[in-house]
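At position 140 of the sequence shown the residue is numbered 140 (the numbering used here), and the sequence of numbers has no breaks.
Note that the Cβ used here is the ideal one computed from N, Cα and C, for glycine as well.
The structure appears below as structure tokens.
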Amino acid sequence: MVNIVIAEDEEILRLNLERKLQSHWPQGNIIASVKCGKDALSSIDTLKPDVVFLDIQMGDLTGIEVIQQSKHNCHVVFITAYDKYAIEAFEAGAIDYLLKPYSDKRLKDCIDRLNVRLASTPIDIKQLLGNISASNDRYLKWLKIQIGSKFWLLDIKDIICFKACGRYVKVLTKDREALVRMPLKSLSLQLDPDVFWQVHRSTILSIEHLDYVQTSDAEQMHAHMKKLVEPLAVSRSFAHLFRNLTVE
1 MVNIVIAEDE EILRLNLERK LQSHWPQGNI IASVKCGKDA LSSIDTLKPD
51 VVFLDIQMGD LTGIEVIQQS KHNCHVVFIT AYDKYAIEAF EAGAIDYLLK
101 PYSDKRLKDC IDRLNVRLAS TPIDIKQLLG NISASNDRYL KWLKIQIGSK
151 FWLLDIKDII CFKACGRYVK VLTKDREALV RMPLKSLSLQ LDPDVFWQVH
201 RSTILSIEHL DYVQTSDAEQ MHAHMKKLVE PLAVSRSFAH LFRNLTVE
């Protein structure tokens, strides 16, 4: 038997993958199916699976962070909505992946490759992932959002700002708002700091969508965005970022 761990934060997709693996891989034995990075890390290190199917974008830890922190080396299949650079890096390093939405044929091809690779020791995936993380092009290019039963892939360049909402982050563009299940701190690590500036403990804005910054008589600073009616508050601890942009 081939022991398998699945980590996918979308329940429908996770259950669908379970069903397809049970149908297409008789030797497969799903020993854990989890919805977050921390549970994935715990399951991998505790249960020591032969194969893990791992979503890249999860709320607490990314799939790449899970593997980098794990003490157990196994065969990994990354699951991603879209990340052109990551896919190119995976292919160059012979790391398998499933691109959402993937077909039955793509999954069967993946299983066939795994059956071959299981006869040998897993590759040193941490080193390969280290090369990916060290790249200057490692930041998010697209962000998957859900509104009701519909999914969108937002070009990161279209996002005006992010606002923390408890365990979620509100994403604002010129024509829509959506919630992403991810802490603002985790998201900030995946954003290009030259473009996205944190201006408040609960707010990150895109400099590309900034119109101007204004200081009031009470020395309160606000960032006015080109497509937003309400300005964004800038806390004093981040005011230094805008010294040369302030309009009196």
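query                                                                                                : result
Which of helix, strand or coil DSSP assigns to Gln146                                                : strand
Inter-stretch contact at 8 Å, needing at least 3 Cβ pairs: the segment 192-212 / the segment 233-241 : yes
Same chain, Cβ closer than 7 Å to Leu21, five either side skipped, listed in chain order             : Ile4, Gly28, Ile30
Beta-carbon proximity check, His72 vs Lys48, cutoff 8 Å                                              : yes
Helix, strand or coil at Glu10 [DSSP, three-state]                                                   : coil
Proximity of Met225 and Val213 at Cβ, strictly below 8 Å                                             : no
Residues sharing a beta bridge with Thr121, DSSP                                                     : Thr121 is not bridged to any residue.
Buried or exposed by the 16-neighbour rule on C-beta atoms within 10 Å, applied to Thr121            : exposed
Ala81 (DSSP reduced to helix, strand or coil)                                                        : coil
N-terminal and C-terminal residue of the alpha helix (DSSP H) that Leu47 is part of                  : 37-47
With 16 other Cβ atoms within 10 Å as the buried cut-off, status of Ser103                           : exposed
The beta strand (DSSP E) enclosing Glu65, as first and last residue numbers                          : Looking at the DSSP string, Glu65 is not in any beta strand (DSSP E); the run it does join, the alpha helix (DSSP H), is 63-69.
Among Val234, Leu228, Ile204, nearest to Ser216 - alpha-carbon criterion                             : Val234
For Ile31, the residue or residues it bridges with in DSSP                                           : Answer by DSSP bridge pairing: none, since Ile31 is not bridged.
Residue closest to Ala253, alpha-carbon to alpha-carbon, out of Ala178, Gly63, Trp25                 : Residue 253 is absent from the structure shown; the chain starts at 1 and stops at 248.
Three-state secondary structure assigned by DSSP to Ile4                                             : strand
Closest Cα partner of Gly166 within the set Gly59, Arg236, Arg106, Ile125                            : Gly59
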